[in-house]
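In what follows, a single structure is set out as structure tokens and then discussed.
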Amino acid sequence: MTLDAAWARRWAAQAAATVAAAKDDLTELDRQIGDGDHGHNLDRGFRAVVAKLDATPAAADETVGAVLKLVATTLMSTVGGAAGPLYGTAFLRAAKVTDREELDAPAVVALLEAAVEGITARGHATTGEKTMVDAWQPAAEAAAGADGATTLAVLEAAAAAADAGATATIPLVATKGRASYLGERSAGHEDPGARSTALLLAAAVAAAEEP
Amino acid sequence: MKKLLDDPENAVDDSLTGFAAAHADLVEVHGLHGAGPVFVSRAGGAVAGKVGLVSGGGSGHEPLHAGFVGAGMLDAAVPGAVFTSPTPDQITPAIQAADGGAGVLAIVKNYTGDVLNFETAVELAEAEDVQVATVLVNDDVAVEDSLYTAGRRGVAGTVMVEKIAGAAAARGDDLAGVQAVAERVVANVRSMGVALAACTVPHVGKPSFDLGEGEIEIGIGIHGEPGRQRIAMTSASEITRLLLEPVADDLHVASGERVLLFVNGMGGTPQSELYVVYGRARALLEERGVTVARSLVGNYVTSLEMQGASITLLRLDDELEQLWDAPVHTAAMHW
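As they're listed, the protein sequences go chains Z and Y.
For the first sequence, the UniProt record's numbering gives the first residue as 1, with consecutive numbering after it.
For the second sequence, the UniProt record's numbering gives the first residue as 1, with consecutive numbering after it.
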């Protein structure tokens with residue numbers, strides 16, 4: 001299993017399929033505490049990503065970073081809302097540290113840490129505020145903790161931590177983003193951005209497991 | 001869901017197609033049906049030497065913002081998907097299209113998505129040597145402005161900011177001057193809204209929040225997202241009081257002062273009911289010794305077909321009053 005540009009392309013395709021399947025669920029989560037469009041916006045973005053990648057044949061020396069950059073700019077220009085700039089920035093920062101043909105375990109850690117830094121810088125959020133940071137931050141930390149393991153194990157640790165992080169947003173009271181307008185009433189609902197983050201990282205694992 | 005649509009996915013483009021055709025003398029609509037980034041600019045292009053004004057946000061709030069493109073108000077507007085902020089690749093060309101060489105003021109409603117996308121777009125426009133200033137509208141008193149929220153939302157008061165800043169730009173103020181006038185409006189305008197029923201986003205197909213038959217939501221934003229409380233349906237007088245008092249208190253409007261009273265419809269409430277609210281609100285203001293010097297009643301910042309209304313107060317001084325009265329010629333506002 002090699003984490004190369006082909007993996008990054010599979011990741012994007014897998015993410016698109018996962019988001020398409022989950023779009024109604026994500027939108028339903030967003031209806032509870034946001035404005036009810038997260039799944040649809042993300043689906044629109046990832047459909048555009050797949051179309052863009054299909055129209056851009058892989059070069060022989062293509063890097064992971066080049067694929068992630070294309071994902072970033074496409075999400076930024078198609079998703080809108082808060083998720084567009086946040087995911088766009090995450091992938092853009094990740095692209096900057098993965099401008100190479102193949103990732104080793106430390107490079108996967110660097111990818112996730114760069115993504116988290118991008119999201120927190122753009123969204124001015126930190127953990128515990130019931131946002132996607134609550135999935136990204138534990139994912140990056142789990143990946144760093146699993147350093148020395150195989151790239152697949154690092155990704156799996158990140159995805160599992162993101163999943164747990166998303167679930168852990170349920171009791172939180174939102175203090176950032178649109179859910180913050182609900183105040184105490186935001187407790188009891190999972191944050192849609194944290195859930196979609198968990199789905200994207202699960203897609204990265206699935207793409208790595210493919211032959 | 002019953003709506004006058006062909007394909008919900010194309011609702012925004014199909015609407016803008018009609019808008020462009022109906023108002024070809026006022027606006028040009030770019031990028032429809034996949035031709036590129038979608039934005040609206042003033043027919044005839046930017047006015048040389050005048051500060052340009054750009055605003056934008058999710059669609060579904062019509063006539064905001066495209067309905068306010070024209071002489072005396074906006075030079076460009078950027079419609080996103082329904083209730084979703086536009087993207088930087090739409091906003092940046094709109095900023096460029098509005099630039100007549102004197103710089104551009106971006107009027108941004110304080111919603112996380114709008115702020116993030118405009119921030120990115122402004123950086124891109126500045127990299128193309130356009131001078132851009134930004135004003136953030138945050139008139140909604142329903143949300144506590146604190147570390148524990150994303151801050152107050154920008155809602156109906158945005159219309160006052162666009163109109164008055166537009167008049168300042170039209171009379172020839174420079175970018176810093178137009179920005180200062182816009183900031184003064186922001187500092188003196190407050191709003192609060194109520195939803196009697198939810199609305200349905202076309203591509204989602206079901207109501208965007210659940211509100212019981214006998215319930216109303218006080219302190220909504222312009223998507224129906226809540227702010228203060230959910231209560232049992234009550235009289236127009238009581239609802240007006242629940243909206244007006246927090247607005248007037250927050251603005252610290254005092255006896256002897258003059259205000260503009262704006263009763264805005266959310267799209268699904270008839271004009272007749274808006275006038276009921278207006279009459280009650282005006283009486284409450286008069287009880288406080290406040291003079292209603294200017295008025296606006298109608299659907300200006302809507303939430304699709306949502307039933308509901310908002311009340312906005314703008315504290316007036318001679319200059320703001322003059323700028324409000326200055327000529328404006330747009331699809332949705334003209335005098």
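Just so you know, even glycine gets a beta-carbon here, dropped at the ideal spot from N, CA and C.
Query: Is the Cβ of residue 113 (chain Y) closer than 9 Å to any Cβ of chain Z?; Result: yes
Query: Any residues in the region 75-97 of chain Y with a beta carbon nearer than 7 Å to a beta carbon of chain Z? Which ones, in chain order?; Result: 80, 81, 83, 84, 85, 86, 87, 88 and 89
Query: Alpha carbon to alpha carbon, what distance is there between residue 300 (chain Y) and residue 21 (chain Y)?; Result: 20 Å
Query: At a Cβ cut of 8 Å, what residues of the region 148-172 of chain Y count as close to chain Z, listed as they run along the chain?; Result: 148, 149, 150 and 153
Query: Should residue 180 (chain Z) be flagged as near chain Y, meaning a C-beta pair shorter than 9 Å?; Result: yes
Query: Looking at residue 91 (chain Y) and residue 118 (chain Y), is the spacing between their C-beta atoms short of 9 Å?; Result: yes
Query: Show which residues of chain Z have a CB atom less than 9 Å away from the CB atom of residue 117 (chain Y).; Result: 76, 80, 81, 82, 84 and 85
Query: Tell me the DSSP bridge mates of residue 56 (chain Y)?; Result: Y:78
Query: Since I believe residue 262 (chain Y) is in contact with residue 296 (chain Y) (beta carbons under 8 Å), could you give me their beta-carbon distance rounded to a whole number of angstroms?; Result: 4 Å
Query: Throw me the rounded Cβ distance for the residue 259 (chain Y) and residue 313 (chain Y) pair, which I believe falls under 8 Å.; Result: 5 Å
Query: Compare the Cα-Cα distances from residue 47 (chain Z) to each of Z:63, Z:24, Z:79 and Z:69 and report the closest residue.; Result: Z:79
Query: Quick check: the region 303-321 of chain Y against the region 268-281 of chain Y, are there 3 or more CB pairs under 8 Å?; Result: yes
Query: Among Y:96, Y:324 and Y:148, which residue has its Cα nearest to the Cα of residue 125 (chain Y)?; Result: Y:96
Query: How would you list, in chain order, the residues of chain Z whose beta-carbon sits under 7 Å from the beta-carbon of residue 203 (chain Y)?; Result: 40
Query: With DSSP as the reference, label residue 49 (chain Z) as helix, strand or coil.; Result: helix
Query: Output needed for residue 123 (chain Z): all residues of its chain with C-beta closer than 6 Å, excluding positions within five of it in sequence on either side, in chain order.; Result: 86
Query: Kindly give me the distance between the Cβ atoms of residue 36 (chain Z) and residue 201 (chain Y), rounded to whole angstroms, as I take these residues to be in contact under 8 Å.; Result: 6 Å
Query: Would you say the region 51-69 of chain Z touches the region 86-101 of chain Z, given that touching needs at least three Cβ pairs under 8 Å?; Result: yes
Query: Give the DSSP bridge partners of residue 95 (chain Y), in chain order.; Result: Its beta-bridge partners do not exist; DSSP assigns none.
Query: Quick one, which of Y:197, Y:100 and Y:142 has its alpha-carbon nearest residue 341 (chain Y)'s?; Result: Because chain Y in this structure spans residues 1 to 335, residue 341 (chain Y) falls outside the shown range and cannot be described.
Query: DSSP three-state call for residue 202 (chain Y): helix, strand or coil?; Result: coil
Query: CA-CA distance, residue 49 (chain Y) and residue 104 (chain Y)?; Result: 11 Å
Query: For the alpha helix (DSSP H) containing residue 253 (chain Y), list its first residue and its last residue.; Result: Run containing residue 253 (chain Y): none; DSSP gives neither H nor E here.
Query: Count the other C-beta atoms from every protein chain shown that fall within 10 angstroms of the C-beta of residue 235 (chain Y), then say buried if there are 16 or more, exposed otherwise.; Result: exposed
Query: Check whether the region 166-184 of chain Z and the region 154-172 of chain Y touch, using three or more Cβ-Cβ pairs below 8 Å as the test.; Result: no
Query: Is residue 138 (chain Y) helix, strand or coil by DSSP?; Result: coil
Query: Would you please verify whether the beta carbon of residue 143 (chain Y) is less than 9 Å from any beta carbon of chain Z?; Result: yes
Query: Whole angstroms is fine: what's the gap from residue 144 (chain Y)'s alpha carbon to residue 246 (chain Y)'s?; Result: 12 Å
Query: Please classify residue 275 (chain Y): is it buried, with 16 or more other beta-carbons within 10 angstroms of its beta-carbon, or exposed?; Result: exposed
Query: For a contact meaning CB atoms closer than 8 Å, what does residue 177 (chain Z) contact in chain Y?; Result: 112 and 150
Query: Please list, in chain order, the chain Y residues whose beta carbon lies closer than 7 Å to that of residue 35 (chain Z).; Result: 83, 208, 223 and 225
Query: Strictly below 7 Å CB to CB, what residues from chain Y border residue 31 (chain Z)?; Result: 208 and 209
Query: What are the residues that DSSP puts in a beta bridge with residue 223 (chain Y)?; Result: Residue 223 (chain Y) is not bridged to any residue.
Query: Quick one: using the 10 Å Cβ neighbour count with 16 as the cut-off for buried, is residue 135 (chain Z) buried or exposed?; Result: buried
Query: In the DSSP assignment, the alpha helix (DSSP H) including residue 113 (chain Y) goes from what residue to what residue?; Result: 112-127
Query: Does DSSP put residue 105 (chain Y) in a helix, a strand or coil?; Result: strand
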